[in-house]
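So the sequence lines, in the order shown, correspond to chains E and L. Numbering (the numbering used here) for the first sequence: 1 to 150. Numbering (the numbering used here) for the second sequence: 151 to 300. C-beta atoms are modelled at their ideal positions from N, C-alpha and C, and glycine is treated no differently. Input: a single structure, listed below in structure tokens.
Number of protein chains: 2
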Amino acid sequence: MASDRVEQILASLRKNGGRASTPRRVIIETLLDARHHLTVEELTTDVQAGHPEIHLTTVYRTVEALEALGIVYHVHLGHGPAQWHLADDAHQHLVCQSCGRVVEAPDGAFAELRDRLEGDFGFLPDARHFAVVGWCAECRSRLPGGTPSR
Amino acid sequence: MASDRVEQILASLRKNGGRASTPRRVIIETLLDARHHLTVEELTTDVQAGHPEIHLTTVYRTVEALEALGIVYHVHLGHGPAQWHLADDAHQHLVCQSCGRVVEAPDGAFAELRDRLEGDFGFLPDARHFAVVGWCAECRSRLPGGTPSR
DNA sequence: TTCCGTGCAAACAATTTGCAATAGA
DNA sequence: TCTATTGCAAATTGTTTGCACGGAA
Chain E
1 MASDRVEQIL
11 ASLRKNGGRA
21 STPRRVIIET
31 LLDARHHLTV
41 EELTTDVQAG
51 HPEIHLTTVY
61 RTVEALEALG
71 IVYHVHLGHG
81 PAQWHLADDA
91 HQHLVCQSCG
101 RVVEAPDGAF
111 AELRDRLEGD
121 FGFLPDARHF
131 AVVGWCAECR
141 SRLPGGTPSR
Chain L
151 MASDRVEQIL
161 ASLRKNGGRA
171 STPRRVIIET
181 LLDARHHLTV
191 EELTTDVQAG
201 HPEIHLTTVY
211 RTVEALEALG
221 IVYHVHLGHG
231 PAQWHLADDA
241 HQHLVCQSCG
251 RVVEAPDGAF
261 AELRDRLEGD
271 FGFLPDARHF
281 AVVGWCAECR
291 SRLPGGTPSR
């Protein structure tokens with residue numbers, strides 16, 4: 001049940017010396033309802049549909065607090081604002097630099113790379129915070145050259 | 151010889167209907183001299199050491215023009231400003247989200263991943279515009295948990 | 001002569017910060 | 001009570017745009 005999840009997250013905030021305010025409750029509810037790939041601005045719009053008094057700044061501060069607890073995380077997918085996700089919804093992002101489309105790929109495809117980077121460089125890639133830029137199938141057929149355009 | 155390279159790049163600009171101005175010449179020289187991983191701001195500082203009249207805006211516009219010709223490219227490595235590179239200096243970036251260090255990895259490590267993404271998703275990753283976020287060897291030993299901190 | 005590139009100011013987008021008032025624990 | 005959190009305004013950072021002038025082709 002979603003509301004259980006909300007209470008659980010609020011409890012986690014409290015346990016870490018934080019407080020369970022109404023804005024935080026509303027923001028968390030909205031976040032759980034929303035699709036993933038949400039910017040702070042989009043999240044704020046959704047939140048303000050029911051609670052216009054909740055300020056953009058508060059949303060920024062709330063997602064930050066939730067990130068510190070490992071409940072959400074954000075990715076910078078090239079240009080534009082950061083995208084926020086629930087932490088249990090971890091996957092890789094393939095971002096098309098021609099059309100901006102984001103394809104999601106399962107972790108599996110990256111297992112070899114992960115082993116390789118860890119073995120060769122001692123570098124542990126973050127499965128969540130990981131975006132691959134390139135060209136999607138559709139743009140590749142439309143633009144045969146495969147040249148970047150931003 | 152570096153100055154040959156400068157003339158070659160200016161010729162390329164001219165060939166595409168552009169003009170070879172003094173600011174552009176200076177910016178290109180500075181870019182060729184500099185280490186890679188240069189922000190526009192850093193590049194401007196270097197340029198202005200010899201030519202204080204050259205404006206930040208001009209540097210932005212010049213690197214943009216050079217990118218359109220495929221001579222340089224930029225990457226967003228997580229937070230902060232974009233990093234600019236010469237196109238012939240293509241490599242992958244492993245960005246440590248704890249200390250910000252950028253490790254460079256040869257293309258080789260990514261060959262399998264590239265084949266995999268192309269086969270499974272028709273997605274062609276851009277070898278140049280590609281950053282992997284994670285934790286470097288040193289931070290991993292320092293912070294045993296391996297928890298993000300931004 | 002044409003029109004591209006420049007400097008400068010100002011706009012912009014995304015995010016962060018300072019601060020007094022408010023409201024959880 | 002005590003202090004974390006909020007709303008609001010304002011500051012910051014990185015980048016882009018408008019515009020009149022000057023210089024390359």
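Within this structure, are the beta carbons of residue i and residue j separated by less than 9 Å?
i, j, result
"residue 92 (chain E)", "residue 107 (chain E)", "yes"
"residue 75 (chain E)", "residue 59 (chain E)", "no"
"residue 94 (chain E)", "residue 275 (chain L)", "yes"
"residue 290 (chain L)", "residue 119 (chain E)", "no"
"residue 77 (chain E)", "residue 34 (chain E)", "no"
"residue 204 (chain L)", "residue 194 (chain L)", "yes"
"residue 233 (chain L)", "residue 201 (chain L)", "no"
Between residue i and residue j, how many whole angstroms is the CB-CB distance? I'm expecting something under 8 Å.
i, j, result
"residue 236 (chain L)", "residue 222 (chain L)", "6 Å"
"residue 69 (chain E)", "residue 13 (chain E)", "7 Å"
"residue 116 (chain E)", "residue 287 (chain L)", "Their Cβ separation, rounded to whole angstroms, is 14 Å, which puts residue 116 (chain E) and residue 287 (chain L) out of contact at 8 Å."
"residue 112 (chain E)", "residue 263 (chain L)", "7 Å"
Shorter than 9 Å from the beta carbon of residue i to some beta carbon of chain E?
i, result
"residue 169 (chain L)", "no"
"residue 241 (chain L)", "no"
"residue 238 (chain L)", "no"
"residue 192 (chain L)", "no"
"residue 283 (chain L)", "yes"
"residue 244 (chain L)", "yes"
"residue 255 (chain L)", "yes"
"residue 235 (chain L)", "no"
How many angstroms separate the CA atom of residue i from the CA atom of residue j?
i, j, result
"residue 300 (chain L)", "residue 62 (chain E)", "Because the pLDDT at residue 300 (chain L) is just 36, under 50, the model does not fix this residue reliably, and the point stays unresolved."
"residue 7 (chain E)", "residue 22 (chain E)", "12 Å"
"residue 285 (chain L)", "residue 48 (chain E)", "37 Å"
"residue 4 (chain E)", "residue 25 (chain E)", "12 Å"
"residue 19 (chain E)", "residue 10 (chain E)", "8 Å"
"residue 216 (chain L)", "residue 250 (chain L)", "27 Å"
"residue 89 (chain E)", "residue 166 (chain L)", "46 Å"
"residue 79 (chain E)", "residue 255 (chain L)", "23 Å"
"residue 206 (chain L)", "residue 133 (chain E)", "27 Å"
"residue 196 (chain L)", "residue 46 (chain E)", "45 Å"
"residue 192 (chain L)", "residue 142 (chain E)", "37 Å"
Taking 9 Å as the threshold (beta carbon to beta carbon), is residue i in contact with chain L?
i, result
"residue 61 (chain E)", "no"
"residue 6 (chain E)", "no"
"residue 126 (chain E)", "yes"
"residue 142 (chain E)", "no"
"residue 48 (chain E)", "no"
"residue 13 (chain E)", "no"
"residue 109 (chain E)", "yes"
"residue 113 (chain E)", "yes"
"residue 99 (chain E)", "no"
"residue 36 (chain E)", "no"
"residue 152 (chain E)", "Coverage of chain E is limited to positions 1 through 150, which leaves residue 152 (chain E) absent and any answer about it impossible."
"residue 137 (chain E)", "yes"
"residue 33 (chain E)", "no"
"residue 76 (chain E)", "yes"
Taking 8 Å as the cut-off, does the CB of residue i come closer than this to any heavy atom belonging to the ligand ATP?
i, result
"residue 93 (chain E)", "The ligand content of the structure shown is nil, which means the ligand ATP is not present either."
In chain order, what are the residue ranges of uninterrupted alpha helix (DSSP H) at least 4 long that sit wholly in the region 201–239 of chain L? 206–218
Unbroken stretches of the alpha helix (DSSP H), 4 residues or longer, contained in the region 109–143 of chain E: 111–121 and 137–142
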